[in-house]
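Residue numbers (our numbering): 37 to 439. We put the CB at the ideal spot given by N, CA and C, even for glycine. Presented below is the structure to which this report refers.
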Ligand SMILES: C[S@@+](CC[C@H](N)C(=O)[O-])C[C@H]1O[C@@H](n2cnc3c(N)ncnc32)[C@H](O)[C@@H]1O
């Protein structure tokens, strides 16, 4: 939820003048770090996570006395914590966990005679608003656990996707909707049962964020009421649209950077593999040993050349290359073509589907693979071509668009 921190969550906590905040679910500590930077010196922060992906000791050292990390589940930790002014709920996204987190927070507040903390809950929209996710399915009692599977989700499809979809590595409920299913359903059920009037504002961007405030807290903090009014006003809605677009662009950049990295990594691995296969086919290692032996034998008792001993590889290199050329010719005669795969990047200058060729602006002409979809590419588009040189032609083995 850190993407919503500056524009929504931090202003809520500021308007409240919070002195104690609880964060349920911290992951890499990205929201935690922002909170610690922003919260005043008199505010203490309690963070709960059974499996944080950061070292809480760093925060403890940097913010002594103000930062308390609790390694455990929310249900184990919350009953032992004092009442808070605000709680960020972003841990296990299922009805059972969230509903009981809210109940525990309400019981602590009632016991201490203070209002319910302001609740800021992430993932109240699609996909987990009306569908359970289980970080550890075994932690949920059988009677509250929906049938689940590790399969992806698609908007508008209540079942899990057969192929692909979002979060297919996670334990997702097989069906969306119905009772006791999803984070927003837990909020709805809690709100109906809570003995005092509550205001619920749902921000429908970036997987959905709900802000739940007791009316008496709003009366005591008019700035908070004004902030919630703004979020629901036309001007606030436009600001949310702009924020949603900013987040979408950031995510697209991240995804493209990551995909490009994976693609380049895959290409490097493929090139290394081809080199290895080629070296095996040519028996390069043995060739080098054979040449070394022949060098030593050729000395016929004469002292070896000290330069050769220092850098045998450099002396033998031309002979190795000559031997490889001979071996290549032998293989070609036997009908085996061995060619290294090379890549080049350039702009398409012409496409010729009849000849099955494309040309780059640098003048290189490539034969494209059979079945290659010409209509997917345009003149002027930047592409990367992996190719092998064969019989004087350049055979493209892989063509990808470069954005
Ligand atoms: C969606 S991530 C939290 C993201 C974080 N709030 C942020 O803004 O970057 C969910 C986290 O909740 C933790 N978690 C899972 N089950 C939990 C539970 N029962 N109680 C507390 N945290 C839990 C996971 O270990 C994970 O780190």
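Taken atom to atom, the span from the alpha-carbon of residue 52 to that of residue 241 is near 23 angstroms. Distances from the alpha-carbon of residue 45 to those of 187, 417, 154 put 154 closest. Scanning 43, 47, 37, 41 for the CA closest to the CA of residue 258 turns up 47. Residue 401 and residue 438 have their C-alpha atoms spaced approximately 18 angstroms apart.
Contact between the region 160-180 and the region 112-132 is present, with at least three C-beta pairs closer than 8 angstroms. Counting C-beta pairs closer than 8 angstroms gives three or more between the region 198-213 and the region 155-170, which meets the contact rule. With the rule of 3 Cβ pairs closer than 8 angstroms, the region 82-91 counts as touching the region 108-126.
At a cut-off of 7 angstroms, the beta-carbon of residue 206 does not count as near ligand 1: no heavy atom of the ligand is closer than that. Contact between residue 212 and residue 167 holds: their C-beta atoms lie close to 4 angstroms from each other, under 8 angstroms. When the Cα atoms are used, residue 122 and residue 252 turn out to be separated by approximately 14 angstroms. In this structure residue 245 touches residue 37 by the C-beta definition: roughly 7 angstroms separates them, less than 8 angstroms. Annotated three-state conformation of residue 95 is helix, per DSSP. Secondary structure at residue 61: coil, using DSSP grouped into helix, strand and coil. Closest option to residue 150, judged by alpha-carbon separation, among 197, 105, 56, 428: 56. Residue 190 and residue 280 have their C-alpha atoms roughly 19 angstroms apart. Scanning its chain for C-beta atoms nearer than 8 angstroms, with the 5 sequence neighbours on each side dropped, one finds no residue around residue 289. Residue 294 is classed as exposed because its beta carbon has fewer than 16 other beta carbons within 10 Å across all chains shown.
Residue 421 holds the alpha-carbon nearest to the alpha-carbon of residue 396 among 405, 377, 421.
If you draw a straight line from the Cα of residue 65 to the Cα of residue 156, it is about 17 angstroms long.
The C-alpha of residue 62 lies about 24 angstroms from the C-alpha of residue 276.
For residue 314, the enclosing alpha helix (DSSP H) covers residues 270-318. Look at residue 424 here: in three-state DSSP terms it is strand. In this structure, the CA atom of residue 170 is about 11 angstroms from the CA atom of residue 217.
In terms of CA proximity to residue 260, 49 leads the group 49, 41, 39. Less than 8 angstroms divides the Cβ of residue 415 from the Cβ of residue 386.
Checking the 7 angstroms criterion, the Cβ of residue 92 is out of range of every heavy atom belonging to ligand 1. Between the C-alpha atoms of residue 73 and residue 96 there is a straight-line separation of about 13 angstroms. Within its own chain, the residues whose Cβ lies closer than 6 angstroms to the Cβ of residue 418, once the five positions on either side in sequence are excluded, are 383, 438, listed in chain order. Out of 221, 209, 220, the CA that lies nearest to the CA of residue 183 is found in 209. At least one heavy atom of ligand 1 is found less than 7 angstroms from the C-beta of residue 110. In the three-state reduction of the DSSP assignment, residue 195 falls in the coil class. In this model, residue 127 and residue 234 are separated by some 22 angstroms (Cα to Cα). In this structure, residue 135 has its beta carbon at no less than 7 angstroms from each heavy atom of ligand 1. The alpha carbon of residue 392 has as its nearest neighbour, out of 305, 283, 409, the alpha carbon of 409.
A residue is called buried once 16 or more other Cβ atoms fall within 10 Å of its Cβ, and residue 248 is buried on that count.
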